[in-house]
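Note that numbering that gives the first Met the number 0 gives residue 188 to position 189 of the sequence shown, counting from 1, and the numbers run on in steps of one. By construction, the Cβ of each residue, glycine as well, lies at the ideal position given by its N, Cα and C atoms. Read through the structure below, which is laid out as structure tokens, and then see the notes.
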Amino acid sequence: MKNKLIAIAFFTALILAGCAGQPGPQNDTNLTAEEFAEKLNASPGAPLLDVRTPGEFNDGHLKNAVNIDWNGTGFDAGISALNKTEPVFVYCLSGARSHSAAEKMRSMGFKKVYELNGGIIKWRAANLPQEDVNAAGMNVGMYQELINQEKKVLVDFYAEWCGPCKKMAPYLEAMKTEMADSVIIVRIDAGKNQQLAKTLKIEALPTLLLYSGNKELWRKTGYIDRAELEKEMSNR
Numbered sequence: 000m001k002n003k004l005i006a007i008a009f010f011t012a013l014i015l016a017g018c019a020g021q022p023g024p025q026n027d028t029n030l031t032a033e034e035f036a037e038k039l040n041a042s043p044g045a046p047l048l049d050v051r052t053p054g055e056f057n058d059g060h061l062k063n064a065v066n067i068d069w070n071g072t073g074f075d076a077g078i079s080a081l082n083k084t085e086p087v088f089v090y091c092l093s094g095a096r097s098h099s100a101a102e103k104m105r106s107m108g109f110k111k112v113y114e115l116n117g118g119i120i121k122w123r124a125a126n127l128p129q130e131d132v133n134a135a136g137m138n139v140g141m142y143q144e145l146i147n148q149e150k151k152v153l154v155d156f157y158a159e160w161c162g163p164c165k166k167m168a169p170y171l172e173a174m175k176t177e178m179a180d181s182v183i184i185v186r187i188d189a190g191k192n193q194q195l196a197k198t199l200k201i202e203a204l205p206t207l208l209l210y211s212g213n214k215e216l217w218r219k220t221g222y223i224d225r226a227e228l229e230k231e232m233s234n235r
């Protein structure tokens, strides 16, 4: 029995050693904003794809980017002329659509597809340049007036394409009516209020902010269900 246990331990050690020697998942194509900018600058002429909607693209995009909407009907046709052996750069607003697009491109034989981790939100947060910025939208002064209320104010920064945002929208709309006596709930489209989102350091969606007067009491990035949200609000 003792020899059997020793043998098992020996083979387990061999397996673990073998696993430890294997390379992990390759992350060299999923880049931070700074890495993406550096790699892009080092690859003159490489295609840069903005896979957001045309409306989002027109509100501001990276220099030399070409708009091919991931959710549009012409994505496959749009990338068909690209050289699969050359590097391609892809980004969207927060990284979800560009990751899906990049995975599709890899499955089609593209050898090197670089993704902007966190999307153009992270790019803006890093104060990197973009073109054709539409300055329309809520400014900081308007926002300060919005949150300076006697009641608490809950602000939801969202995007129409964002899955968790869509999932939260119905209960937020219900809360807006049901809790009107104690809290004001406002939803702000981050894509249409880019400068405001950048100023407030909104780096992922959805992002919820709870205020009392002009003071930020709480901030949450990512999905949260109604019960947990109401609990967090009641504790502050």
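Q) Per DSSP, Thr184 forms a beta bridge with which residues? A) Translated into positions along the sequence shown, residue 184 becomes position 185. Looking at the sequence provided, one finds Ile at residue 184 rather than Thr. Note: Ile184 sits in a beta bridge opposite Leu153.
(Q) What would DSSP say about Asn2, mapped onto helix, strand or coil? (A) Sequence index remark: in the sequence shown, residue 2 carries index 3 (1-based). A caution first: Asn2 carries a pLDDT of 45, below 50, which makes its placement in the model too unreliable to give a value.
Q: Alpha carbon to alpha carbon, how far is Glu33 from Asp155? Give it in angstroms, no decimals.
A: Against the sequence shown, residue 155 aligns to sequence position 156. Against the sequence shown, residue 33 aligns to sequence position 34. Near 28 angstroms, if we compare the C-alpha coordinates of Glu33 and Asp155.
(Q) Please identify the residue among Ser181, Arg186 and Lys111 whose C-alpha is closest to the C-alpha of Cys164. (A) Within the sequence shown, residue 164 is the residue found at index 165, counting from 1. Checking every option, the nearest Cα to that of Cys164 belongs to Arg186.
Q.
Just verifying my parser: in three-state terms, what is the DSSP assignment at Thr176?
A. Counting from one through the sequence shown, the residue named residue 176 turns up at place 177. Thr176: helix per DSSP, three-state reduction.
Q: May I ask you to report which of helix, strand or coil DSSP gives Phe88?
A: Numbered from its first residue, the sequence shown carries residue 88 at position 89. It is a strand residue.
Q: Report back the beta-carbon spacing between Arg105 and Trp69 to the nearest angstrom; my notes put them in contact at under 8 angstroms.
A: Here residue 105 refers to the residue found at position 106 of the sequence shown. Here residue 69 refers to the residue found at position 70 of the sequence shown. Wrong, their Cβ atoms sit about 14 angstroms apart, outside the cutoff.
**Q.** Rounded separation between Leu216 and Tyr210 - CA only
**A.** As a first step, residue 216 is located in the sequence shown; it is residue number 217 there, counting from the start. As a first step, residue 210 is located in the sequence shown; it is residue number 211 there, counting from the start. Between Leu216 and Tyr210, the C-alpha separation is close to 5 angstroms.
Q) Looking only at DSSP bridge pairs, what is Ile139 linked to? A) On the sequence shown, residue 139 is found 140 positions in, with the first residue counted as 1. Before going on, a small fix: residue 139 reads as Val here, not Ile. Answer by DSSP bridge pairing: none, since Val139 is not bridged.
Q. How about the stretch 106 to 113 and the stretch 53 to 68: do they share at least three Cβ pairs that are nearer than 8 angstroms?
A. no
Q) Between the beta-carbon of Gly117 and the beta-carbon of Ser93, is there less than 9 angstroms? A) Mapped onto the sequence shown, residue 117 falls at position 118. Mapped onto the sequence shown, residue 93 falls at position 94. The answer is yes: Cβ separation under 9 angstroms.
**Q.** As assigned by DSSP and simplified to three states, the class of Tyr113
**A.** The residue given as residue 113 occupies position 114 in the sequence shown. It is a strand residue.
Q | Other residues of its chain near Cys161: CB distance less than 7 angstroms, five sequence neighbours each side excluded | A | The residue you call residue 161 lines up with position 162 of the sequence shown. Excluding sequence neighbours, Cys161 sits near Leu204 and Pro205.
Q | Alpha-carbon spacing of Pro24 relative to Lys175, whole angstroms | A | Here the question's residue 24 lines up with position 25 in the sequence shown. Here the question's residue 175 lines up with position 176 in the sequence shown. Because Pro24 sits at a pLDDT of 37, beneath the cut-off of 50, its placement in the model cannot be relied upon, and the point is left open.
Q: Taking Ala80 as the reference, give the member of Met107, Tyr90 and Asn57 with the closest Cα.
A: Taking the first residue of the sequence shown as position 1, residue 80 is located at position 81. Here the closest residue by C-alpha is Met107.
Q.
Quick check: is the beta carbon of Gly136 nearer than 9 angstroms to any beta carbon in chain B?
A. Of the chains in the structure shown, none is chain B; there is only one protein chain.
Q. For Glu55, which of Leu153, Asn40 and Tyr90 has the nearest alpha-carbon?
A. Within the sequence shown, residue 55 is the residue found at index 56, counting from 1. Answer by Cα proximity: Tyr90.
Q) Does DSSP put Arg51 in a helix, a strand or coil? A) Counting from 1 along the sequence shown, the entry for residue 51 is found at position 52. Three-state result, Arg51: coil.
Q. Since Tyr210 sits in a beta bridge, which residues does DSSP pair it with?
A. Residue 210 sits at position 211 when you count from the first residue of the sequence shown. Val152 and Glu215, per the DSSP bridge assignment.
Q.
Going by C-alpha to C-alpha distance, which of Leu61, Arg51, Pro128 and Asp58 sits closest to Phe74?
A. By one-based count along the sequence shown, residue 74 stands at place 75. Taking only the C-alpha atoms, the option nearest Phe74 is Arg51.
Q) Span of the alpha helix (DSSP H) holding Ala100? A) Numbered from its first residue, the sequence shown carries residue 100 at position 101. Counting along the chain, the alpha helix (DSSP H) containing Ala100 begins and ends at Ala95 to Ser106.
(Q) Suppose the cutoff is 6 angstroms on Cβ atoms and the five residues either side in sequence are ignored; what does the same chain contact list for Ser42 look like? (A) Taking the sequence shown and counting its residues from 1, the one referred to as residue 42 is at position 43. Taken in chain order, the residues that qualify are Pro86.
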